[in-house]
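Mapping the sequence shown onto the UniProt record's numbering, position 228 (from 1) lands on 228, and the numbers just tick up by one.
Notes follow once the structure below has been shown.
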Amino acid sequence: MSSLTLNGVTVNFPFTPYDCQKDYMTKVIECLQKRNNGVLESPTGTGKTLCLLCATLAWREQLKDQISRKMIERRLGGETSQNIPITSWGSVAADGEATCYTDIPKIIYASRTHSQLAQVIKELKNTSYRPKISVLGSREQLCINQEVMRQESSHVKVHMCRRKVSTRSCPFYNNTEEISTDRELTHSILDVEDLVKFGNKKRVCPYYLSRSLKQEADIIFMPYNYLVDPKSRRAHNIELNGAVVIFDEAHNLEKTCEESTSFDLTPYDVASAIAAVDRLLLEQVQDASLGPTITEQFNADYSGLKIDATTIAKIKKILLDLEAAIDSYDVPSERGITKPGIFIYELLERAHLTYQTKTEVHEALEQISGYLAGQSGIFLQTGGLQKLADILQLVFCGDPSEKDVKSSAAHFKVHIHRDTSHKKKQTTDIWTTSSSNKQGNILSYWCFSPGFSMQDLVNQGVRCIILTSGTLSPLSSFTSEMRIEFPVSLENSHVIDRDQIFVSVVDRGPDGVQLSSAFDKRFVPENMASLGNTVANLTRVVPHGLLVFFSSFPLMEKMLEFWRANGQAERIDSLKPIFVEPKGKANFTEVIDGYYNKVNDPQTKGGSFFAVCRGKASEGLDFADTFGRAVIITGLPFPPKMDPRVILKMQFLDEMSSNKTSKLKFLSGQQWYKQQAFRAVNQAIGRVIRHRHDFGAILLCDHRFKNPDARAQLPLWVKPYVNQYDSFGNVIRDVSKFFRVAQKRYHRPAVEQTAAAESCGAVCPPDARSTGFTSDSFSQGSHIHKATALDTHLPSLKRKRLTEDTGVNGMTTVYTTYECKTSEIQKRPNTLLDALQRGDQCNGVDTPTTVGQRSSLSTLSLQYDKRIQDDLRGGKRKIRLVQEQKKNPDEASVESKTNKAKSFLGEMKKSLSQVNFDQIIVALQSYKTTDSLEALLSTTSVLTEDANTHNLFRGMYQFVRPHHKKLFHEKCQQLTGHGCGFEPNHSLPKNKNNAVMLTKDGHTSVALKSSCGASSSSQLNTQHLNHGGHHLSQKQLRDPHTASVPRSDGHPAFLAEVKRSLPPEKSAELFQAISCYKKTDNYDNLVVNFLGLFKDNVNLLVRLGIFIRPHHKKKYKEMLDGLAGQSAAKDEA
């Protein structure tokens, strides 16, 4: 632990800091002491997060010590006793306003996501400081009440949670007050994941616990949209007066500020809100006709609706008027109609929405939305109502004075444009009006000044605002957008040496064609081919992991398509298998893990990861060391120039910059447009150097980077190293030389690197996924684990969902089980074919892999690598076996039926009112004792009244006794139009039903079906595992009703009988024939071999039928009929 004094403040640092770290901490302390806003850029790998925490907490502790000194002075008569050693008082005068401990400013630390905050808290644990902390999160991350978390919509979760809290029906919330003072909690540093674990352990609500801890916390962590969004700030009751506000990873702050104060109101939003109000209004009218007593009881059962039918009717009139007002504008073109921001008040006034009515309307919308969200069995989309309530809070948030309204509206534009989306959102609400499907206008209210949100923070009375990131360059434009003063600024240098970084502008490809991603040149074939050849050649000289960034997803897809057709992709993939960043979040973890595994594989030359600037991979993921030895930038990622929002942003800035009466200096639209591209480039460049001992290359493959103005936009730490070359050959030569030297100097075994990291104290920031002074452990395995953290959820919260049903044949559960049982797979063969295959391997017979032919881009979806790994571990066979074990009715029939019944009743409870559900449960219990189907049908007939609950009525079939199943099936068909899948054997008692499957001698019979038949539904989908290829049915090997021998005999007994029947050379010949059949699917050759070996043993031929694939079974049965006669074959089959 190192101690140093900066601006009179004693800072305890985990190690001796570098000069750039001292500079950074000095600037932070300057902001805190002088109450100045600051914008601080420090490159990735310089430990800015650790510096930020240590400097801030040191200043706060010193302030606390100074207050203690003043209190002691007052008690000692104005003079401090010289005999009292208080070494940490410092030499700076106490803050003039801080006279007691409650005056000490709170630190509000905001980052972009919870996963980044988790890394910040991990850094905090590496320091000597132990402040009281609180981490704010949403119910999505923190709620542990399973009934609430089962809800799909976030606002439904919110309303259900609020209702449970108000009625004190949540057992977790009820314990909050008691547990909030628990010593284990108050004296620990817990992130969101730790808080959820603590909540589960103590059975206390983590969400309300975090809000309780906020009151006494010294430092509060939160995503920064909680701060800049006024609605979220109010919801979390965040007090900003006198607080120090820190925005880490602030390069995204501009976009977040604008989006948090903007909205798009679609025709679907308004129509769904009208449909929901319609439904409620109809319900209220019907209830009113039943009399006051019944209505009161109804409201009591459903937690009450505190508005009457008249108010609901007024809300419907407002919604209809709003819909008419928006659609009254004839939009002539796709570009839409643009109005000044003040126009929003004129438009909403036509729907009777003003400052005077907004409170009443907002409360009514919240009441309706909360009431409908809590209704079980009513399938209504209430998102439209919630959005309208949020819009009222946003538009009518300030002072209603005309001056303030005009001032606020100056930051906005109103844009009305046609709804061109043809794929409308579908609703399951059967009462929805046809208006929800009509095409209308979209009302957009867009903020174009992030300074609007920043000025709002200043107005809240914050002490100072500190913005920091690894990529804020150019700072002048960034601060200009924020519209507040930043007296303190810093562009920090890096901790690396010159020989750790190589930067080059590659303006021409190996064929001499100029490289350009300009709009008019990007899709020229010669340019696309030259870029492909450039990347392919660089792939040969860059070791390990290579990152290639494109301007956009459409450009990347078009480029890859061209490269596949012309051979460049195959050349790249043969050296470094290509992994492509997916558009959505669904497959991202799988793709990035595959890339890390490929780079880690010593048998390969690494991998290449194709990603998009501004995408998930360009920020927040760890590509340290071998995972990112080089970054290739294929062009300048300008925003889409024809996008209406981009056009209006540029127009807005041009209007502001031409306004000579304004004292503030604005960027022009064109300046902003260019700087957006370079900021995205700088963020992608930041992936290459992640810590003090890292090294890598940056290759700028666009001739426009040769322009001095373009190079001036690069980060300060990159500019001195930029090289320019006359020929592509010289680039390849120097890149190769750079890596040859750097690998000898900096590449060390993991153990040595870990020790060195701890001694030198190099650190990585939160977005690097390796933190603190111990975070430069270069163990590749640890990097893989860290890098799998995505931005939306914490790793553990995401993994929890892996065990849930994904709706795709339970594949996730199968793969999870398979991974947990790899060692078991390797110990023993699972099936006859597995045993034979192992026997072949022991005898030196080569067995074929079940992997399909590798595609030209084998890793685009990771199918190739998954199949390779599964095959090496016996994974495919195991996966099918696990799935069959789950669905085998004879191994766990009672348990599976019980689980199915529980799942069904749980689904019924969610879909019905509590009253109806209780009645059905009572009816089932009565049916169990009375055996009266008529009584059961009378009670459950309520399920036939609504088409949405017909499936629940059919589900009751599982509870009906065998002698009633046919009648229930007929009733179901009569009432719902669909039967329950009745078959004659369903009416047999269980013992007789089982006896049908037995033969006279008590053994199960051979199942030689002509096709897979009904059993195919219980097998694992071959499209997922074998791409539709033929495979043996595991069911026929495992199910006792279709096995050829009693279960007690098993596979060893059958193999033993084969060996007894044949000499060793004949046994080997049999195994060879079966393996050959498995490879070639040649039925005729297999039959010839079978007949040659067993022509006198028909019984053994019948039993060998288990090796015959489904599409050959009919032919094989006909052959057996010919050998043994029709009747004999039937007896045996």
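From the three backbone atoms N, C-alpha and C, an ideal C-beta is built for every residue, glycine too.
If you draw a straight line from the alpha carbon of residue i to that of residue j, how long is it in whole angstroms?
| i | j | result |
| --- | --- | --- |
| Thr5 | Leu57 | 14 Å |
| Val598 | Asn985 | Checking the displayed sequence, the identity of residue 598 turns out to be Lys instead of Val. Approximately 53 Å between the Cα atoms of the pair. |
| Asp19 | Val120 | 22 Å |
| Ser477 | Leu667 | 7 Å |
| Ala677 | Phe172 | 48 Å |
| Thr940 | Ser903 | 18 Å |
| Ile647 | Lys413 | 12 Å |
| Lys125 | Ile219 | 13 Å |
| Lys1078 | His1111 | 13 Å |
| Thr26 | Ser328 | 59 Å |
| Lys306 | Gln367 | 7 Å |
| residue 1134 | Ile578 | There is simply no residue 1134 to check, as the chain begins at 1 and stops at 1133 in what is shown. |
Where do the ends of the alpha helix (DSSP H) carrying residue i lie?
| i | result |
| --- | --- |
| Leu71 | Note that residue 71 corresponds to Met in the displayed sequence, not to Leu. First-last of the alpha helix (DSSP H) with Met71: 48-75. |
| Asn527 | 525-541 |
| Asn600 | 588-600 |
| Gln651 | 644-658 |
| Val722 | Element bounds for Val722: not the alpha helix (DSSP H) but the beta strand (DSSP E), 722-724. |
| Ala389 | 383-395 |
| Ala624 | No alpha helix (DSSP H) contains Ala624, which DSSP labels as neither H nor E. |
| Trp563 | 553-566 |
| Tyr207 | 206-214 |
| Ser188 | Run containing Ser188: none; DSSP gives neither H nor E here. |
| Val612 | Here Val612 belongs to no alpha helix (DSSP H); instead the beta strand (DSSP E) covers 607-612. |
For residue i, which of the options has the nearest alpha-carbon?
| i | options | result |
| --- | --- | --- |
| Thr898 | Gln958, His950, Thr944 | Gln958 |
| Asn241 | Arg183, Thr181, Ile107 | Ile107 |
| Met1 | Leu40, Tyr129, Gln62 | Tyr129 |
| Gln141 | Ile732, Glu193, Cys161 | Glu193 |
| Glu402 | Asn237, Ile312, Thr420, Thr354 | Thr354 |
| Tyr208 | Asn174, Asp191, Ser232 | Asn174 |
| Phe623 | Ile685, Ile578, Pro105 | Ile685 |
| Pro602 | Ser530, Thr626, Glu581, Phe198 | Thr626 |
| Val39 | Phe917, Thr471, Ile344, His415 | Thr471 |
| Leu265 | Leu394, Glu254, Ala313, Asn145 | Leu394 |
| Glu283 | Ala309, Glu259, Phe263 | Ala309 |
| Leu1104 | Ile1074, Gly1122, Ser938 | Ile1074 |
Just curious, the beta strand (DSSP E) that residue i is in, first and last residue?
| i | result |
| --- | --- |
| Leu6 | 2-6 |
| Lys413 | 412-418 |
| Cys464 | 464-469 |
| Ala677 | First-last for Ala677: 669-685, but that is the alpha helix (DSSP H), not the beta strand (DSSP E). |
| Glu41 | 38-41 |
| Val915 | Counting along the chain, Val915 falls outside any beta strand (DSSP E), though it belongs to the alpha helix (DSSP H) covering 914-930. |
Can you tell me whether DSSP reads residue i as helix, strand or coil?
| i | result |
| --- | --- |
| Val495 | coil |
| Glu249 | coil |
| Pro230 | helix |
| Asp694 | coil |
| Val506 | coil |
| Val513 | coil |
| Ser111 | strand |
| Ala935 | helix |
| Pro640 | coil |
| Leu1070 | helix |
| Tyr445 | strand |
| Asp734 | helix |
| Lys1035 | Low local confidence applies: a pLDDT of 35 at Lys1035 is under 50, so the model's placement there is unreliable, and no value is given. |
| Thr16 | coil |
| Ile133 | strand |
| Asp1081 | coil |
| Thr167 | coil |
Give the list of continuous beta strand (DSSP E) stretches no shorter than 3 residues that lie fully inside the stretch 298-357.
337-340
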